[in-house]
Amino acid sequence: MSGHRARAWKKRIAPLLYILPAFSFLAIFTYYPIAYSAFISLFRWSTAYPKRVFAGFENYIQIFHEPLFGVVLRNTAIYSLSTIFFGMILGFVFAIQINKRIHVSGAFKFALFYPTMIPMAAAGLIWLWIYAPTYGLLDNFLRLLGLPNAGLLYRSNTALMCIIIVSVWKHVGYYMILFLAGLQNISSELIDAATIEGAGSWRRLRSVILPLISSYTFFIFIINIVDSLQSVDLVYIMTQGKPANATNVIVYYIYQQAFRFWNMGMGSTLTTLLTFFLLCCVTIVFATVGRRVYYEV
Amino acid sequence: MRNRPALRPSEHNIVAYVVLIPVSIVMLVPMFLLISTALKPLPELMSVNFTWIPRTVVLTNFVKAMSVAPFARYYINTILVVSMIFAVQLVTISLAAYAFSRLKFKGRELLLVLFLVQLMIPPQSLVVPNYQTMSRLKLLNTTFAIGAVYFASAYGTFLLRQAFRAIPGEMEDSVKMDGGGGLTAIVHVFLPLAKPSIIAFALVSVSSHWNEFFWPLIVTDTVKARTLTVGLAMLTQATESSPEWTLTMAATIIVVFPLLAAFVIFQRRFIQSFMRSGLKG
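Structure, rendered in structure tokens:
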């Protein structure tokens, strides 16, 4: 009887003990905060209301009527999608080239990948200096071409583009490496077979390589939506959302609401909306490629 | 790599050089500018004629950067944070990865999904509630608060789980025959055999937390626990109007140097590690 019990205990409980340490930290710093911010989002809680007051969905109604929120969402979408789009296309092209039999591929890899090793905050500073008015590299370059000083980072229609350029510069090497990993998984026999069949390089790319790395590509795409939340570092360092909120993105907006205006109710509401969006992404990943990537041997 | 014939130039490869050489030069421009600016005296920078090579090379910017901000302190804090995070992560992920790869139990699938959630909702998006937790626990301005939110790593768990699965069962059985349990097996069999994955995880973990900015910024408001990246940002924001670029670039070099140097020396290792981090391992 006790032997049976001990065995049952070993089978059921022991495995959970191995999971427990990791799970506890996840519970405290991931699951609980998700639930807590959903709860707080139902309250007025700010400098005007230091004691929190239950308000139902007031914060949600308010945020969806706030024009700035729409601007922030638009900026975030433009930033994320263009970083990922240009980063992935360029990363893929570079990966194809660097995967060829070439000399000094190490030097090329260094040149393309080193920005990954630099903190976003430092990258932001270096580029702030490049974009600096008059003395900055960009203005010097434009003067050389006889063009007027542009101050691109300080104009509301070009500021976001300036930040996207930094982001693409920062990420393209990383995307290249991910694609390189995918390309090197394609067996060379398959490529050779296509070559023997008379497929040219364009045809090989379209009919063999692209289909083979397509689910992988989708996976990189979703994972990098999450990665693009890091844009907040660049925005904080380079523009603080200026000019006229042209570079205000969601995590920076959350930061402003919670830590500049000390409106924790609104900060929590925005956090909850972001969490909800990301959870939808989890579901998509899981329903499609995630299952295969994580579960199969 | 795999028995490729010797390099021979072909039309094919010329395209590669035509693409990669100009792109590499453009990619390196910020790095050249960083180094060139940090070595210039300030007046030379503010003369309108721009030069790549400083007319006079000075190290005073570095000396000044070290004196206006407590970079030694920031270094110690950063090293503390990254090593604390990695040490705890190694324990939590190897235990979880062992259970997920070797043990069958009820709720395994559900737990895997729950771990997956952290991959998609990183601590960065949860700064508001996590700040409140740290505030209530009176942990603001501590290196512990900076590190604790990363102590569990879904990414590390999945990476190690994949590595553990590739290890043949007989290896574990021999430990069991000698009367060892799961912990013995992890320490003596799984971890040593999963070394490449652990190195990969270590490099990715250490470099990403060395470079982390937003969360340390939120939980610190004194120099006590501040890390390098936050210190760097504070240095530039302390100066009114436009930053003193020579000083700022020197400070930036102080912050990025260790990782970049490590990358130059161990480039192959780093790149292989980041390749593995594509979660295909």
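Keeping their order, the protein sequence lines are chains A and B. For the first sequence, position 43 (counting from the first letter as 1) is numbered 43 according to the numbering used here, and the numbering increases by one without interruption. Throughout, the numbering used here is defined as the position within the second sequence, counted from one, plus 1000. Just so you know, even glycine gets a beta-carbon here, dropped at the ideal spot from N, CA and C. All values reported here derive from a predicted model rather than from experimental measurement.
Notebook entry, point to check: My guess is that residue 5/A and residue 1105/B are in contact by the Cβ rule of under 8 Å, so how many angstroms apart are they, rounded?
Noted result: The residue labelled residue 5/A in the question sits at position 5 within the first sequence. The residue labelled residue 1105/B in the question sits at position 105 within the second sequence. Not a contact, Cβ separation roughly 16 Å.
Check: With DSSP run on the structure shown, which of helix, strand or coil describes residue 206/A?
Finding: The count along the first sequence starts at 1 and reaches residue 206/A at position 206. Reduced to three states, the DSSP call for residue 206/A is helix.
Notebook entry, point to check: Which of helix, strand or coil does DSSP assign to residue 1213/B?
Noted result: In the second sequence, the residue the question calls residue 1213/B occupies position 213. If DSSP states are grouped into helix, strand and coil, residue 1213/B belongs with coil.
Note to self: Rounding to the nearest angstrom, what Cα-Cα distance links residue 1159/B and residue 255/A in this structure?
What the structure shows: As a position in the second sequence, residue 1159/B is number 159, starting the count at 1. As a position in the first sequence, residue 255/A is number 255, starting the count at 1. So the two alpha carbons sit approximately 32 Å from each other.
Note to self: Between which two residues does the alpha helix (DSSP H) holding residue 59/A run?
What the structure shows: By 1-based counting over the first sequence, the position of residue 59/A is 59. That run of the alpha helix (DSSP H) goes 58–64.
Margin query: With three or more C-beta pairs closer than 8 Å as the rule, is the segment 219–226 of chain A touching the segment 1202–1211 of chain B?
Written below: Output reads no: the segment 219–226 of chain A does not touch the segment 1202–1211 of chain B.
Next item on the list: Determine the burial state of residue 1276/B: buried for a count of at least 16 other Cβ atoms within 10 Å of its Cβ, exposed for fewer.
Entry: The residue you call residue 1276/B lines up with position 276 of the second sequence. The residue in question, residue 1276/B, is buried, as its Cβ has 16 or more Cβ neighbours within 10 Å.
Checklist line | Pair within 8 Å by beta-carbon distance, residue 117/A and residue 1164/B | finding: Position 117 of the first sequence, counted from the start, is the residue given in the question as residue 117/A. Position 164 of the second sequence, counted from the start, is the residue given in the question as residue 1164/B. It is not a contact, given that the beta carbons lie outside the stated cut-off.
Notebook entry, point to check: Counting contacts by CB-CB distance shorter than 8 Å, is residue 1007/B in contact with chain A?
Noted result: In the second sequence, the residue the question calls residue 1007/B occupies position 7. Below a pLDDT of 50, predicted positions are generally treated as unreliable, and residue 1007/B, at 48, falls in that range; the measurement from the model is reported next regardless. By this cut-off, residue 1007/B is an interface position.
Item checked: Ordered list of alpha helix (DSSP H) runs contained in the segment 146–219 of chain A, each at least 4 residues -> Complete alpha helix (DSSP H) runs here, min 4: 159–185, 188–196, 201–204.
Next item on the list: With 8 Å as the C-beta to C-beta threshold (strictly closer), list the residues of the segment 1115–1131 of chain B near chain A in chain order.
Entry: Taking a C-beta cut-off of 8 Å against chain A, the contacting residues of the segment 1115–1131 of chain B are 1115, 1116, 1117, 1118, 1119, 1120, 1121, 1122, 1123, 1124, 1125, 1126, 1127, 1128, 1129, 1130, 1131, listed in chain order.
Notebook entry, point to check: Is DSSP giving residue 295/A helix, strand or coil here?
Noted result: Along the first sequence, one-based indexing puts residue 295/A at 295. Model confidence at residue 295/A stands at a pLDDT of 42, short of 50, so the residue's coordinates are unreliable; what they give is reported in the following sentence. Reduced to three states, the DSSP call for residue 295/A is helix.
Checklist line | Three-state class that DSSP yields for residue 44/A in the structure shown | finding: Position 44 of the first sequence holds residue 44/A. Note: residue 44/A maps to strand in three-state DSSP.
Notebook entry, point to check: Under a three-way DSSP split, which group does residue 320/A fall into?
Noted result: Outside the displayed span of chain A (1 to 297) sits residue 320/A, for which this structure offers no information.
Check: Can you find a C-beta in chain B that's less than 8 Å from the C-beta of residue 79/A?
Finding: Sequence index remark: in the first sequence, residue 79/A carries index 79 (1-based). In terms of beta-carbon proximity, residue 79/A stays away from the interface with chain B, with every pair separated by 8 Å or more.
Next item on the list: Determine, using beta-carbon pairs with one atom in the segment 31–42 of chain A and one in the segment 264–277 of chain A, whether at least three such pairs fall under 8 Å.
Entry: Yes: at least three Cβ pairs fall under 8 Å.
Next item on the list: Have a look at 247/A, 35/A, 145/A and flag the residue whose alpha-carbon is nearest the alpha-carbon of residue 300/A.
Entry: With chain A covering only 1 through 297, there is no way to say anything about residue 300/A.
Checklist line | Beta-carbon gap between residue 1116/B and residue 1154/B smaller than 8 Å | finding: For the purposes of this step, residue 1116/B is taken as the residue at position 116 of the second sequence. For the purposes of this step, residue 1154/B is taken as the residue at position 154 of the second sequence. Yes. Within cutoff.
Next item on the list: Kindly indicate which three-state DSSP category residue 1062/B falls into: helix, strand or coil?
Entry: The sequence position of residue 1062/B within the second sequence is 62, counting from 1. In this structure, DSSP gives residue 1062/B a helical state, which the three-state scheme calls helix.
Check: Can you name the start and end residues of the alpha helix (DSSP H) that residue 67/A belongs to?
Finding: The residue labelled residue 67/A in the question sits at position 67 within the first sequence. Element bounds for residue 67/A: 67–98.
Notebook entry, point to check: Nearest to residue 1097/B by CA position, among 23/A, 180/A, 206/A, is which residue?
Noted result: As a working mapping, residue 1097/B is identified with position 97 in the second sequence. The option with the nearest alpha carbon to residue 1097/B is 23/A.
Notebook entry, point to check: Are the CB atoms of residue 1120/B and residue 282/A nearer to each other than 8 Å?
Noted result: The residue given as residue 1120/B occupies position 120 in the second sequence. The residue given as residue 282/A occupies position 282 in the first sequence. Yes.
Notebook entry, point to check: Does residue 1070/B have its Cβ less than 8 Å from a Cβ in chain A?
Noted result: Reading the second sequence from its first residue, position 70 is the one you call residue 1070/B. Not closer than 8 Å to any Cβ of chain A, the Cβ of residue 1070/B fails to qualify, so no.
Next item on the list: Using a Cβ cut-off of 8 Å (strictly closer), state whether residue 282/A contacts chain B.
Entry: Looking up residue 282/A in the first sequence gives position 282. It does: the Cβ of residue 282/A has a partner Cβ on chain B nearer than 8 Å.
Margin query: Beta-carbon within less than 8 Å of residue 166/A's beta-carbon, same chain only, minus the 5 sequence neighbours each way: which residues are those?
Written below: In the first sequence, the residue the question calls residue 166/A occupies position 166. Excluding sequence neighbours, residue 166/A sits near 123, 124, 127, 234, 238.
Notebook entry, point to check: Beta-carbon of residue 131/A versus every beta-carbon of chain B: anything under 8 Å?
Noted result: Taking the first residue of the first sequence as position 1, residue 131/A is located at position 131. No, no contact with chain B.
Next item on the list: Could you check if residue 1004/B is buried or exposed, using at least 16 other CB atoms within 10 Å of its CB as the buried criterion?
Entry: Taking the second sequence and counting its residues from 1, the one referred to as residue 1004/B is at position 4. Because the pLDDT of residue 1004/B is 49, which lies under 50, any placement of that residue in the model is unreliable, and the number read from its coordinates should be weighed accordingly. Result: exposed.
Next item on the list: Could you tell me the distance, in whole angstroms, from the CA atom of residue 1175/B to the CA atom of residue 34/A?
Entry: Start at 1 with the first residue of the second sequence, and residue 1175/B comes out as number 175. Start at 1 with the first residue of the first sequence, and residue 34/A comes out as number 34. Between the C-alpha atoms of residue 1175/B and residue 34/A there is a straight-line separation of about 41 Å.
Next item on the list: Taking 8 Å as the threshold, find out whether the segment 1166–1175 of chain B comes into contact with the segment 1241–1251 of chain B through three or more Cβ pairs.
Entry: Cβ pair count under 8 Å is below three, so no.
Next item on the list: Would you list, in chain order, the members of the segment 235–253 of chain A that have their beta-carbon closer than 8 Å to a beta-carbon of chain B?
Entry: Cβ contacts with chain B come from 236, 237, 251.
Next item on the list: Pick helix, strand or coil for residue 1280/B, following the three-state DSSP scheme.
Entry: As a first step, residue 1280/B must be located in the second sequence, where it is residue number 280. Confidence at residue 1280/B is low in this model, with a pLDDT of 36, below 50, so its placement is unreliable and no value can be given for it.
Note to self: residue 1092/B and residue 981/B - do their beta-carbons sit closer together than 8 Å?
What the structure shows: Not covered by the structure: residue 981/B. The range shown for chain B is 1001 to 1281.
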